[in-house]
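Numbering-wise, the sequence shown is residues 850 to 2096 according to our numbering.
Cβ coordinates follow ideal geometry from the N, Cα and C atoms, glycine included.
For clarity, every value in this text was computed on a predicted model and none was experimentally measured.
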Amino acid sequence: MLNVGVADRAADLVDSLVEMLADPLADPFQSEWVSVPSLGFRSWLRFELSQRLGQSTGADGSADPTTSDRALGGDGVAANIEMPFPGSLRWRILRAYSAGQGRLGTSDPWEVDRLVWTVLEVMSDPETHIDDRLRRAKLPAGVTLASRAGPIADLFDRYGVHRPQMVNAWAGGHDVDADGHALPDDRRWQPRLYRAVRDRLLVDHDVSPPAERLVAALEQIRNGDLDLSAPLSPTEPGLPPRLAVVGQSILTAELGPVLAAVAEHAEVCVMLLSPSARRSVELARHVVGSTVTASGPSSWASRRNEHPETSESANHPLLQGWGRRPLESALLLGAGGVVPNIIGPASSTPVKQGRDTLLGRIQSDIRTGTTPTDRPPTPIDSSLQIHAAPGRTRQVEVLRDVVLGLLRDDPSLGEDQIAVLCPQLEEFAPVITAVLGPPARRGDQPDGGVPALRYTLIDRDARSFNPVLAAMQTVLDVMPGRFDTSSVRDLMHSPAVRNRFALTDDDLALFSEWTEDAEVRWGLDGAQRQPWGIDGAHRANSWATAVDQIMVGVALGDPLRRTSAPGATATPVDEAEAHSAAHALAVGGIVPAEIAEGAIASAGRIAAAIRSLAAVHALLIEDRGPSRGPGADSVYRPVSRWRDLLTQAADHLLAPDRFEDWQRAALDDALANLVAASADSEGEPSSTELTFGDVKRLLAPALEGQRARADLGFGSMVIARPALLAGVPFRVVCILGLDDDAIPAGQAGGDDLLAALSYVGDRDPRSEARAEILAGLLAAQDHLVITCSSRDVRTNAEVPHAVGLDELIDLITATTAHPTDADDLVCSHPRQAFDPTNFVPSATSGEPFGFDPTARDGAEALVRRLTSKPRPTGANLLLTSPLPEPTDHSKVIDLGDLKGFYDHPVRHFFRRRFQLRLPRVVEPGDDQLPTSLNRLKASGIGTDLLEVGMALGDPDQVLIDPDDPYGDLPEEVRVLLDYHRATGVLPPPSVANTDLAAMSDEVAEILTLASAYDALRSADQSHDVEVTLADGTTIRGRVNRCSDGPRPGPVRLMYNRFKPKYLVSAAIDLLVLTASRPEVEWRGVLITRGDSKKPPQTWGRAVVGGTADERRRSALDALAILVSQYRDGACYPLPLFDATSYALIHGAGPRTSARSAARAKWGDHGKDRYSWSREAQDDYHLLAFGPLEFDDLETIELGGHTLSGEADRLWGTLDGALVELDAELDTQLDDDVLATADTTTSKGERS
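Rendered as structure tokens:
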């Protein structure tokens, strides 16, 4: 007997089920069979039944309770109830049929995970008559045979379920579609392949397709020849005489005939859940009345275009847009001649008393099919909330605050009465755990922090909670690739790899540092890069080079690399030899990494991990040959061999968490199941030869694994996908991330014949996703909260609402008769959690929206900063009054610290007074091999080449010929080039030689100018200085890089382009030397690279004064002013800047005013396309002054210190104390430079 009922509330279904189960089966040991639609519904139903069923005493206290008393026993136990999914009944019938035929096996070879192996074997067998395009040799590059066989097996499985008449016709040799029409030629490969697979399984297993067996099985069930109550085995009991299907809202066409056949000899109770029970009954009655139906498998199926009434006659707009797929279940019932009964009270009246809210009104309208315009408007209230926020993180923060607000306002509400439905759970899960933190324990709340929520994040794939499975998937992704730095870094950070090699956070930090130092880009070694067309001899930028450098660094040790061997006699070396020693390579041309003594163990662990990774690559991906190209697979092995190799790979690389051996056991089970699925009728694994790509594709579903537990975590808020909780009632339902990409597109593949002829009951992911959202809306008892994205976090562009959300907003507008647009119905939230608007008291509750005390403190600070007066226009100053003098104030000033102050005055203030170092922005590593010389790296190489040239003393000796870079070069330059090639900084020689030649030309120009200044003569002298000023302050330090001769002094030859701070440093050295030994006529020389395609910039100065006393007085006066500015800079962040202040005094040329030049160096917000590189965007400047336009910068006055005043204080002092070298020397310099320029050409030009 088949009893079909429909309800629009899950609670009504439970009442009906409890009434049925209250009458026990005749056999007390017989399990009840209750089918459920999802794991979440199963968990909720078990709990509800445990509260309603039991053997408690009756209401009168007697020991023999009545049936109704038992139904309300509430013992908290609901046992011996089997709750499978509806599709399991079909396979149960097929197994019973096979048992009756004497062919009952452990598993059916037509199950999709086994069917794929037969498809693989057929496609691999050259003797089978199939389309040549399916052969391995005809597959496009990068496509594996398994990646084709998997979808084909899935297609055949779905055809057997949804189009049994079509595949049965194929078996008979008819290449037709579901309507019996001939297939076009480009589709006929499917029936041919199907027949080949069918024939193979009939020969090997003697098992016909499920579609054929099901027809015969259902016929036997109707005739009474197949007894489903008989046990199949000692562990598989028969079906009970009573079956129930509960909570299903979406039926498929094949389920109806199965239930109808079983109902011939058993009681089958189908209790469906519909968004509108009344509308479902009307549709089923309409189909029954308009068509002639007959009992049989095909009578339940019909084309979708034959039933436009599904949506056209649905009065309510959400039933039309969101409820189409559930209402199709009524069409299937009607096509099978069944009109369901309504379970529970008829939904023909408005919302019940006490729930006349906006949410209740909308739910009532949906259930009764009433259009919003048919009833008086309902006012807007908090029962239905839509919150828009930029980005996922902000959406989760907003949802957290909404939930905390609801818990605060309603003491009767508990976390276990709240559900969060997230269509994109895998994408949101990391954000959820980051924002909500670890789930709180009952009664455990942080002191002064955000109130913690008890929540359970369920329904994620196995990799999210099994690090071994996750790491194995990463290994499989990395193996056939290039081993770029980002991929290997991700693998090294995975918990299972860290467990295997005991890698600590410090180890991984060193790993990133050493990877960057070794210039690793991609490739295990030169040989592994050959398939990409890279010369195998080029090992630079590979992991092998990095490991070599680390190991050599460990072997040499820091002391051995920097000192002589014990007992050796120290011998003096000239400067050139010293440079050669600094760039010397170890045996094999390896650059030793600098390994601190405490990092030796870390180096060993990291090297072991990289070498194990290389060993696994050799194990799994053998030589594919350069002709195969990148990504090609040429190694073929049977699945059993692949299992052994992958097991060894896991032994090499992975380890579970401590005391969590089940994590590794899950991987072993997945590999074992893969082999078992391929077994033939004798249990032997498949002998089909597979590539690595095939195995990766076949193993992917097993690594994803079954979903995590679906326990609703009673006592905590549950977070899951909508499908898991569809129809489960909660007082508060939240839908997180209802954006356009949250609803699947639902586009079928081009080979899918189901999409070509769409039948009622076919899978439709887009419609089903909408139906799940509708079920969540109807399941909410008190509140429905929806979050969506408002703006793109990268571009700040407005994100349009999802179509479904717009439909809901339109419905709210119609229901409330709200006169304004949709923006008034959606609460838009600011980008930052510390925005003051988050903490404005609400007009209704009087409480602020936000709950984060840290964000509240930030909002208060922001308000104070914006409202405090007086303040310069546009300025957000960190300090408006000076700090006291530092406690480390001393009369002795280190020369290096004085020069360091002028290197960056504001940064020096923060570092000295607050020990504050702002983090440097680290650009993501480049995974590409260098094809040009990086500018930063080029600066380092140029500096090294300049140092060697200074030691050699001859500009011509550093010139490099691009065609013969090692031609006549001195040994010192050769050593330098070898060193930088070994570090991986240089691109391949064909590119690097040209860049090096151009670089050497620039270095030679600088050296030529230095020669004209006579600055190359032994410019390696050092002088200790100690200068005492009039106030008793002493400047003490050492001036390095000084030349000797008749005009000695500091020489600064720099490959960098000119910056004013270089000039200040050279000037201070010149001043302290003069003040220390005024009898010497010191001079300072600074030569830097010129701007693009311009000659080097030179600066030659001497201290003003014709006598020693005059020079000493000029130097001391200037140093006194500089020291005074240095001390003021310890109490204020002075408005003194390197480029801006220099430009304000010296300008930028005759056509540009000094003020315009300073403005350009500072950079105006929004007006300068390069403002990101200007001084206004410096992190320390922003911290001290806030975002400032140049006009506002000029108005700042801190204790009398202004931009122009401080610039003049520095540069006016230096300009007044120093004089350009005398005219005679200038003339001599000009003549020498011109002569050199006329007679000297680069080797690049000569070549």
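For the beta strand (DSSP E) that contains residue i, what are its first and last residues?
{"i": "Met1120", "result": "Glu1116 to Leu1122"}
{"i": "Glu2069", "result": "Leu2067 to Glu2069"}
{"i": "Trp1019", "result": "Run containing Trp1019: none in the beta strand (DSSP E); it sits in the alpha helix (DSSP H), Pro1013 to Ala1020."}
{"i": "Gly1254", "result": "No beta strand (DSSP E) contains Gly1254, which is instead part of the alpha helix (DSSP H) from Gly1240 to Asp1258."}
{"i": "Tyr1304", "result": "Tyr1304 to Leu1306"}
{"i": "His1872", "result": "Gln1870 to Thr1877"}
Just curious, the alpha helix (DSSP H) that residue i is in, first and last residue?
{"i": "Ile1658", "result": "Val1652 to Thr1665"}
{"i": "Arg1932", "result": "From DSSP, Arg1932 is part of no alpha helix (DSSP H) but of the beta strand (DSSP E) over Arg1932 to Arg1938."}
{"i": "Trp966", "result": "Val961 to Ser973"}
Taking the alpha-carbon of residue i as reference, which of the options has the nearest alpha-carbon?
{"i": "Ala1452", "options": "Arg1492, Ser1565 and Val1403", "result": "Val1403"}
{"i": "Gly1193", "options": "Val855, Asp1384, Gly1372 and Leu1352", "result": "Val855"}
{"i": "Val1245", "options": "Val1346, Arg1938, Leu1285 and Asn852", "result": "Leu1285"}
{"i": "Arg2110", "options": "Pro1013, Arg1041 and Pro1837", "result": "Outside the shown range of the chain (850 to 2096) lies residue 2110, about which nothing can therefore be said."}
{"i": "Leu953", "options": "Trp940, Asp962 and Val961", "result": "Trp940"}
{"i": "Arg1173", "options": "Leu1965, His1011, Glu1621 and Leu1208", "result": "Glu1621"}
{"i": "Thr967", "options": "Val1299, Ser1232 and Leu994", "result": "Leu994"}
{"i": "Val992", "options": "Ser1691, Asp1543 and Thr1832", "result": "Asp1543"}
{"i": "Leu862", "options": "Pro1083, Cys1118, Leu1181 and Ile1592", "result": "Cys1118"}
{"i": "Pro1166", "options": "Ser1178, Asn1842 and Gly1218", "result": "Gly1218"}
{"i": "Arg1224", "options": "Asp1205, Ala2009 and His1236", "result": "Asp1205"}
DSSP state of residue i, grouped into three classes?
{"i": "Val855", "result": "strand"}
{"i": "Val1888", "result": "strand"}
{"i": "Ser1082", "result": "strand"}
{"i": "His1678", "result": "coil"}
{"i": "His1054", "result": "helix"}
{"i": "Thr1540", "result": "coil"}
{"i": "Ile1192", "result": "coil"}
{"i": "Gly1298", "result": "coil"}
{"i": "Gly1898", "result": "strand"}
{"i": "Ser887", "result": "coil"}
{"i": "Ser1476", "result": "Caution is warranted here: a pLDDT of 39 is assigned to Ser1476, below 50, making its placement in the model unreliable, and no coordinate value can be reported."}
{"i": "Arg944", "result": "helix"}
{"i": "Asp1810", "result": "strand"}
{"i": "Gln900", "result": "helix"}
{"i": "Leu2063", "result": "helix"}
{"i": "Thr1496", "result": "helix"}
{"i": "Ala1376", "result": "helix"}
{"i": "Tyr1904", "result": "strand"}
Is the CB-CB distance between residue i and residue j below 9 Å?
{"i": "Asp1600", "j": "Gln2026", "result": "no"}
{"i": "Arg1243", "j": "Arg1570", "result": "no"}
{"i": "Gln1379", "j": "Cys1676", "result": "no"}
{"i": "Leu1547", "j": "Leu1523", "result": "yes"}
{"i": "Val1834", "j": "Ile1790", "result": "yes"}
{"i": "Pro1819", "j": "Leu1856", "result": "no"}
{"i": "His1135", "j": "Gly1073", "result": "no"}
{"i": "Leu1767", "j": "Asp2028", "result": "yes"}
{"i": "Tyr1008", "j": "Leu1602", "result": "yes"}
{"i": "Trp1363", "j": "Ile1399", "result": "yes"}
{"i": "Pro1288", "j": "Ser1565", "result": "yes"}
{"i": "Pro1124", "j": "Leu1182", "result": "no"}
{"i": "Leu1502", "j": "Val1324", "result": "yes"}
Flag residue i as yes if its beta-carbon sits less than 9 Å from any beta-carbon of chain D, otherwise no.
{"i": "Leu1983", "result": "Judged by its chain identifiers, the structure shown contains no chain D, having just a single protein chain."}
Which ranges does the alpha helix (DSSP H) cover as unbroken runs of at least 4 residues, wholly within the segment 1584–1645, from first to last along the chain? 1602–1605 and 1614–1628
At 4 residues or longer, and completely inside the segment 1333–1366: list those alpha helix (DSSP H) runs for me, N to C. Listed in chain order, they are 1334–1342, 1344–1350 and 1354–1366.
Which runs of the alpha helix (DSSP H) fall wholly inside the segment 1056–1107 and span at least 4 residues, in chain order? 1059–1072
Unbroken stretches of the beta strand (DSSP E), 3 residues or longer, contained in the segment 1688–1746: 1741–1743
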